[in-house]
Amino acid sequence: MELVMTNVRAKSLCFIFMLILTFAIPAIGQFRHDGTLIAPDVTVRDSGSAVILSNGIVSATIDKSSATITSFIYDGMNLLDGGYDGGKIYWSWNMPNYQNPSGCTYTLVADPASDSGNYAEIDFRMAWNGSASEAAMDVDIYYCLLRGTRGIYAAAMLNHPSSY
Numbered sequence: 233m234e235l236v237m238t239n240v241r242a243k244s245l246c247f248i249f250m251l252i253l254t255f256a257i258p259a260i261g262q263f264r265h266d267g268t269l270i271a272p273d274v275t276v277r278d279s280g281s282a283v284i285l286s287n288g289i290v291s292a293t294i295d296k297s298s299a300t301i302t303s304f305i306y307d308g309m310n311l312l313d314g315g316y317d318g319g320k321i322y323w324s325w326n327m328p329n330y331q332n333p334s335g336c337t338y339t340l341v342a343d344p345a346s347d348s349g350n351y352a353e354i355d356f357r358m359a360w361n362g363s364a365s366e367a368a369m370d371v372d373i374y375y376c377l378l379r380g381t382r383g384i385y386a387a388a389m390l391n392h393p394s395s396y
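This is the structure we're talking about:
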């Protein structure tokens, strides 16, 4: 037996019900009654030569000396597997010569342990060493991660003081 809907109102109600099932039901249980998101805490783990940012959805391993992301795991899969040398996400510039950050100083800017596990921000700073063969600038590379997000935020701040 074939069910045929001829009533426009019935079709509209069916469509609305399907939208509710598709979008609202998966969200039930992800928020508390006070509106806060239920998701794993954001964590920062210093493993010596690298820092790992994680929130239960994504995990990024970042080399402390170069601010290079060497591993990016989403849904259990390392998205950087394969490629040259395993794949990397890195920063570079070409003035005066091709250059990548090196000798960075790592700082934990926002500790998720002091923020109920909601937010982490880290900074990798490379100060200009005075060499004419390198770009005369200080570089700060920031990575941050929020609870429940599916990616990390990245920003670079390049500073060229007048004394350079």
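With this note's numbering, letter number 74 in the sequence shown gets 306, and the count goes up by one each step, no holes. We treat Cβ as the ideally placed atom computed from N, Cα and C, and that holds for glycine. From a predicted model like this one, the values you see are computed outputs, not experimental measurements.
CB of residue i within 8 Å of CB of residue j, strictly
i: A271; j: G380; result: yes
i: I373; j: P328; result: no
i: G335; j: S297; result: yes
i: I367; j: W323; result: The question names Ile, but residue 367 in the sequence shown is Ala. For A367 and W323, no; Cβs fall outside 8 Å.
Residue i versus residue j - alpha carbon distance
i: G280; j: S348; result: 24 Å
i: S286; j: A387; result: 18 Å
i: D273; j: Y316; result: 33 Å
i: L377; j: L340; result: 12 Å
i: Y396; j: D266; result: 52 Å
i: Y330; j: V371; result: 15 Å
i: G228; j: A352; result: The requested residue 228 does not occur in the structure, where the chain is confined to residues 233 to 396.
i: L311; j: S394; result: 41 Å
i: S365; j: A345; result: 41 Å
Proximity to residue i [Cα-Cα], best of the options
i: G288; options: K320, G383 and S394; result: G383
i: D278; options: M369, D343 and Y385; result: D343
i: G308; options: W323, V290, W325 and G314; result: V290
i: D295; options: Y338, S324 and L378; result: Y338
i: T275; options: Y330, S394, N350 and Y385; result: N350
i: G319; options: S394, I305 and N326; result: I305
i: W360; options: S346, A345 and L390; result: L390
Cβ-Cβ separation, residue j to residue i (assumed contact under 8 Å), whole Å
i: F356; j: A299; result: 4 Å
i: M369; j: H392; result: 5 Å
i: V385; j: I354; result: Inspection of the sequence shows that residue 385 is occupied by Tyr rather than by Val. The pair is not a contact, with the Cβ atoms about 11 Å apart (cut-off 8 Å).
i: I301; j: I284; result: Contact flag wrong, Cβ pair sits at about 11 Å.
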